[in-house]
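Visitor: Order-wise, the sequence lines are chains A and B. Counting with my numbering, you get residues 450 to 699 for the letters of the first sequence. Counting with my numbering, you get residues 450 to 699 for the letters of the second sequence. Glycine included, each C-beta is placed from N, C-alpha and C at the ideal position. Remember, predicted model here, so these are calculated numbers, not experimental data.
Protein chains: 2
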Amino acid sequence: MTENVNPTAVLIIIGNEILSGRTCDANLSFIGQRCEALGIDLIEGRIIQDIETTIIDIVNDYRTRVDYVFTTGGIGPTHDDITSASIAKAFGVELERNAEAVEVLERHYPSGKLNEARLKMADVPVGSRLIDNPVSSAPGFQIENVYVLPGVPSIMQAMFDGMTDRLTGGLPILTESVKTDLTEGGIAAELSKVQAVYEDVSIGSYPFFKAGFLGVNLILRSTDNERLREATEKVKDMILGMEGQIFKSK
Amino acid sequence: MTENVNPTAVLIIIGNEILSGRTCDANLSFIGQRCEALGIDLIEGRIIQDIETTIIDIVNDYRTRVDYVFTTGGIGPTHDDITSASIAKAFGVELERNAEAVEVLERHYPSGKLNEARLKMADVPVGSRLIDNPVSSAPGFQIENVYVLPGVPSIMQAMFDGMTDRLTGGLPILTESVKTDLTEGGIAAELSKVQAVYEDVSIGSYPFFKAGFLGVNLILRSTDNERLREATEKVKDMILGMEGQIFKSK
Numbered sequence: 450m451t452e453n454v455n456p457t458a459v460l461i462i463i464g465n466e467i468l469s470g471r472t473c474d475a476n477l478s479f480i481g482q483r484c485e486a487l488g489i490d491l492i493e494g495r496i497i498q499d500i501e502t503t504i505i506d507i508v509n510d511y512r513t514r515v516d517y518v519f520t521t522g523g524i525g526p527t528h529d530d531i532t533s534a535s536i537a538k539a540f541g542v543e544l545e546r547n548a549e550a551v552e553v554l555e556r557h558y559p560s561g562k563l564n565e566a567r568l569k570m571a572d573v574p575v576g577s578r579l580i581d582n583p584v585s586s587a588p589g590f591q592i593e594n595v596y597v598l599p600g601v602p603s604i605m606q607a608m609f610d611g612m613t614d615r616l617t618g619g620l621p622i623l624t625e626s627v628k629t630d631l632t633e634g635g636i637a638a639e640l641s642k643v644q645a646v647y648e649d650v651s652i653g654s655y656p657f658f659k660a661g662f663l664g665v666n667l668i669l670r671s672t673d674n675e676r677l678r679e680a681t682e683k684v685k686d687m688i689l690g691m692e693g694q695i696f697k698s699k
Numbered sequence: 450m451t452e453n454v455n456p457t458a459v460l461i462i463i464g465n466e467i468l469s470g471r472t473c474d475a476n477l478s479f480i481g482q483r484c485e486a487l488g489i490d491l492i493e494g495r496i497i498q499d500i501e502t503t504i505i506d507i508v509n510d511y512r513t514r515v516d517y518v519f520t521t522g523g524i525g526p527t528h529d530d531i532t533s534a535s536i537a538k539a540f541g542v543e544l545e546r547n548a549e550a551v552e553v554l555e556r557h558y559p560s561g562k563l564n565e566a567r568l569k570m571a572d573v574p575v576g577s578r579l580i581d582n583p584v585s586s587a588p589g590f591q592i593e594n595v596y597v598l599p600g601v602p603s604i605m606q607a608m609f610d611g612m613t614d615r616l617t618g619g620l621p622i623l624t625e626s627v628k629t630d631l632t633e634g635g636i637a638a639e640l641s642k643v644q645a646v647y648e649d650v651s652i653g654s655y656p657f658f659k660a661g662f663l664g665v666n667l668i669l670r671s672t673d674n675e676r677l678r679e680a681t682e683k684v685k686d687m688i689l690g691m692e693g694q695i696f697k698s699k
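1. Comparing the CB of residue 463 of chain A with every heavy atom of the ligand HEM, is any distance shorter than 7 Å?
2. For residue 628 of chain B, which of B:472, B:557, B:665, B:517 has the nearest alpha-carbon?
3. Just the chain B side, please: which residues come within less than 9 Å of residue 465 of chain A by C-beta, in chain order?
4. Consult DSSP for residue 606 of chain B and reduce its assignment to one of helix, strand or coil.
5. Beta carbons nearer than 9 Å to chain B: which residues of the region 686-697 of chain A have them?
6. Here's the rule: buried if 16 or more other CB atoms are within 10 angstroms of the residue's CB, otherwise exposed. What is residue 493 of chain B?
7. Along chain A, in chain order, which residues have C-beta atoms closer than 8 Å to that of residue 571 of chain B?
8. Cβ atoms of residue 607 of chain B and residue 647 of chain B: under 8 Å apart, would you say?
9. Counting only beta-carbon separations shorter than 8 Å, does residue 641 of chain B have a partner in chain A?
10. Starting from the beta carbon of residue 644 of chain B, find every residue of chain A whose beta carbon is closer than 7 Å, and list them in chain order.
11. Using a Cβ-Cβ distance cut-off of 8 Å, determine whether residue 634 of chain A contacts chain B.
12. Report yes or no: is there a C-beta of chain B within less than 8 Å of the C-beta of residue 451 of chain A?
13. Determine the closest residue to residue 639 of chain A out of B:508, B:463, B:565, with distance taken between C-alpha atoms.
14. Comparing the C-beta of residue 565 of chain A with each C-beta of chain B, is any distance below 8 Å?
15. For residue 692 of chain B and residue 682 of chain B, what's the separation of their Cα atoms in angstroms?
16. By a C-beta neighbour count over all protein chains shown, 10 Å radius and 16 as the cutoff for buried, is residue 464 of chain A buried or exposed?
17. When the Cα atoms are used, what is the spatial distance from residue 483 of chain A to residue 612 of chain A?
18. Are there 16 or more other CB atoms within 10 angstroms of the CB of residue 656 of chain A, so buried, or fewer, so exposed?
19. Around the C-beta of residue 625 of chain A, are 16 or more other C-beta atoms found within 10 angstroms, so that it is buried, or is it exposed?
20. Taking its Cβ as the centre, do 16 or more other Cβ atoms sit within 10 Å of residue 559 of chain A, making it buried, or is it exposed?
21. Three-state secondary structure (DSSP) at residue 524 of chain B?
22. Report the start-end ranges of each beta strand (DSSP E) in the region 488-538 of chain A that is 3 residues or longer and not cut off at the edges.
23. Between which two residues does the alpha helix (DSSP H) containing residue 681 of chain B stretch?
24. Assign residue 476 of chain A to one of two classes, buried (16 or more other C-beta atoms within 10 Å of its C-beta) or exposed (fewer than that).
25. Give a yes or no on whether the minimum CB-CB distance between residue 627 of chain B and chain A is below 8 Å.
26. Between which residues of its own chain and residue 491 of chain A is the CB-CB distance below 6 Å, once the five residues before and five after are set aside?
27. For residue 577 of chain B, does the three-state DSSP call read helix, strand or coil?
28. Does DSSP classify residue 469 of chain A as helix, strand or coil?
29. Less than 6 Å between C-beta atoms, sequence neighbours within five positions excluded: which residues of the same chain meet that for residue 516 of chain B?
30. Tell me, please, which residues DSSP counts as bridged to residue 480 of chain B.
31. Starting from the beta carbon of residue 493 of chain A, find every residue of chain B whose beta carbon is closer than 8 Å, and list them in chain order.
32. Would you decide whether residue 546 of chain A is buried or exposed? Buried here means 16 or more other CB atoms lie within 10 Å of its CB.
33. Find out if the Cβ-Cβ distance for the pair residue 496 of chain B, residue 504 of chain B is shorter than 8 Å.
34. To the nearest whole angstrom, what separates the beta carbons of residue 570 of chain B and residue 524 of chain B, a pair I think is in contact under 8 Å?
35. Less than 8 Å between CB atoms is the rule here; does residue 541 of chain A satisfy it with respect to chain B?
36. Taking a Cβ distance cut-off of 9 Å, strictly less, list which residues of the region 474-493 of chain B are near chain A, in chain order.
Structure (structure tokens):
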């Protein structure tokens, strides 16, 4: 890659259910792909426990070091939803009941169903800007460069896509993939030579083993389309020169 | 939960392909479940880029703070596999070609196929103990409390299960789950009361929205089986008392 000039981001995934292995996270993959398209470098993902001091320390560490901090999880109505209160403490501000959020919840819930637990979802740190939830109404919020989203993937995705106008990206990262039946060990030396010539294209090598079939996926990434195409052609020539097959990637 | 006396662990997932969203990580979920069964608290998962200084800094930070550090990814034969060399630098030791690992690779590869790139997979930090790979032969390694494993899930899993005798756990964390058609906001207040009585049982609440159907999964966790069962009964009574249905969990 050329010297990184794109803005940076991290994703903090808050939730014991991910660490226990019970739920397999799907949010990193989505946000990673969106960041790539937006020209934002997602430099880290971090899965942490539902512990107030942990959330505070980790949010405060990242928000001064990267351009965008996204969090998922812990903004629902139950006792284990402590993200909003923890983020308020991280910023040293009070949690307040947001009038606009209350209004949204009032419109969403049938009469008599908007109880105190649900109203808790209208509590955001002072100084926040709401993030609209077109699926189930309870909003997320943005405070400075920290974007607080829910953990349920379908809802998080709709909310993320609704607020991308708040994110300023750089050059989109373009990718090409080449899939072959050659093995990593067989192509490593030749592949290094291609990588050495195309320093501004990052070439990743990912072996696969599926249904008795093995091979490697080569992923090329760059912000420069011309160089990306050239490097991809070189990789394909290399494979064909070694009598490997090239498969159509998904 | 009662005061935590179990050993702690973190998983460091090394790989740009996870951060780009191209590959969805499956290793955290596996290791999380194994840790739970072993009585080890997986307190964090961290997905980082293939950058030497990043790997060094993060490994060195965690290895002094937790009992076990697991890493996945970056120990193959290609130019982007830099984990072993980075871990050697983290420990301030040389990388050496391990004779036992060379022997394993020699037995695995047909004559003439064990090239220099593949031999690179026999390079481990001085002072390491190998981790056997029953699938594709190239070993992982353990240096002090850091366990270095490959990224391909099927191989990583076989290797992890083959080395669990090196891990000393505490009390296994037992879990129960209760799935209902009631919603989070509807049960939040009552659920808090159960949680308040059973402080030694961690109760997590995870809403689901699938195929037009919504509800919540309640996950109860404790090292004390008796208390876990009692709290689970209270949760079930609570649901039935609110005229909710209880579904058989998968």
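Guide: On the basis of the supplied data:
1. The ligand content of the structure shown is nil, which means the ligand HEM is not present either.
2. What you label residue 628 of chain B is simply residue 179 of the second sequence in a count that begins at 1. Ranking B:472, B:557, B:665, B:517 by Cα distance to residue 628 of chain B puts B:665 first.
3. Within the first sequence, numbered from 1, the residue matching residue 465 of chain A stands at position 16. Those are 651, 653, 668, 670, listed as they occur along chain B.
4. The residue given as residue 606 of chain B occupies position 157 in the second sequence. Residue 606 of chain B falls in the helix class under three-state DSSP.
5. none
6. For the purposes of this step, residue 493 of chain B is taken as the residue at position 44 of the second sequence. It counts as buried.
7. Numbered from 1 along the second sequence, position 122 holds the residue referred to as residue 571 of chain B. Residues of chain A passing the Cβ test: none, with the nearest at roughly 12 Å.
8. Residue mapping note: residue 647 of chain B aligns to position 198 of the second sequence, counting from 1. Residue mapping note: residue 607 of chain B aligns to position 158 of the second sequence, counting from 1. Not closer than 8 Å, so no.
9. Against the second sequence, residue 641 of chain B aligns to sequence position 192. Interface residue, yes.
10. Here residue 644 of chain B corresponds to residue number 195 of the second sequence, with the count starting at 1. Near residue 644 of chain B (Cβ distances below 7 Å), the residues of chain A are 528.
11. Residue 634 of chain A sits at position 185 when you count from the first residue of the first sequence. Closer than 8 Å to some Cβ of chain B, the Cβ of residue 634 of chain A qualifies, so yes.
12. Counting from one through the first sequence, the residue named residue 451 of chain A turns up at place 2. Any reading at residue 451 of chain A needs caution, since the residue's pLDDT is 43, under 50, leaving its predicted position unreliable; the model's value is listed next. Cβ-Cβ to chain B under 8 Å: no for residue 451 of chain A.
13. As a first step, residue 639 of chain A must be located in the first sequence, where it is residue number 190. Cα-wise, what sits closest to residue 639 of chain A is B:565.
14. By one-based count along the first sequence, residue 565 of chain A stands at place 116. True, the Cβ-Cβ gap to chain B drops below 8 Å.
15. Here residue 692 of chain B corresponds to residue number 243 of the second sequence, with the count starting at 1. Here residue 682 of chain B corresponds to residue number 233 of the second sequence, with the count starting at 1. Their backbone Cα atoms lie some 15 Å apart in a straight line.
16. If you number the first sequence from 1, residue 464 of chain A lands on position 15. Residue 464 of chain A is buried by the Cβ-count criterion.
17. Translated into positions along the first sequence, residue 483 of chain A becomes position 34. Translated into positions along the first sequence, residue 612 of chain A becomes position 163. Roughly 12 Å separates the two Cα atoms.
18. Taking the first sequence and counting its residues from 1, one reaches residue 656 of chain A at position 207. The residue in question, residue 656 of chain A, is buried, as its Cβ has 16 or more Cβ neighbours within 10 Å.
19. By one-based count along the first sequence, residue 625 of chain A stands at place 176. Residue burial is scored here from C-beta neighbours: residue 625 of chain A has at least 16 other C-beta atoms within 10 angstroms and is therefore classed as buried.
20. Translated into the one-based positions of the first sequence, residue 559 of chain A becomes position 110. When all chains shown are included, residue 559 of chain A counts as exposed.
21. Along the second sequence, read from residue 1 onward, the residue named residue 524 of chain B stands at position 75. Looking at residue 524 of chain B - three-state DSSP - the assignment turns out to be coil, as it is neither helix nor strand.
22. 490-497, 517-521
23. The residue labelled residue 681 of chain B in the question sits at position 232 within the second sequence. First-last of the alpha helix (DSSP H) with residue 681 of chain B: 674-690.
24. By 1-based counting over the first sequence, the position of residue 476 of chain A is 27. So residue 476 of chain A counts as buried.
25. Numbered from its first residue, the second sequence carries residue 627 of chain B at position 178. Judged by the 8 Å Cβ criterion, residue 627 of chain B is not in contact with chain A.
26. Walking along the first sequence from the start, residue 491 of chain A turns up at place 42. Cβ within range, chain order: 458, 481, 484.
27. Position 128 of the second sequence holds residue 577 of chain B. Look at residue 577 of chain B here: in three-state DSSP terms it is coil, with no helix or strand label.
28. Within the first sequence, the letter at position 20 stands for residue 469 of chain A. Coil, per DSSP.
29. As a working note, residue 516 of chain B is residue 67 in the second sequence. Same-chain partners within the cutoff: 456, 457.
30. Your numbering for residue 480 of chain B matches position 31 in the second sequence. Paired residue(s): none; residue 480 of chain B is not in a bridge.
31. Locating residue 493 of chain A in the first sequence gives position 44, where the first residue counts as 1. Simply 468, 495, 496, 497, 498.
32. Sequence index remark: in the first sequence, residue 546 of chain A carries index 97 (1-based). By the neighbour-count rule (16 or more Cβ atoms within 10 Å), residue 546 of chain A is not buried but exposed.
33. Here residue 496 of chain B is taken as the residue at index 47 of the second sequence, counted from 1. Here residue 504 of chain B is taken as the residue at index 55 of the second sequence, counted from 1. No; because the gap between Cβ atoms is not below 8 Å, this pair is not in contact.
34. Here residue 570 of chain B is taken as the residue at index 121 of the second sequence, counted from 1. Here residue 524 of chain B is taken as the residue at index 75 of the second sequence, counted from 1. Sure, about 7 Å apart at Cβ, within 8 Å.
35. Here residue 541 of chain A refers to the residue found at position 92 when the first sequence is read from its first residue. Contacts with chain B at 8 Å (Cβ-Cβ) do not include residue 541 of chain A.
36. Residues 474, 475, 477, 478, 479, 480, 481, 482, 483, 484, 485, 490, 491, 492, 493.
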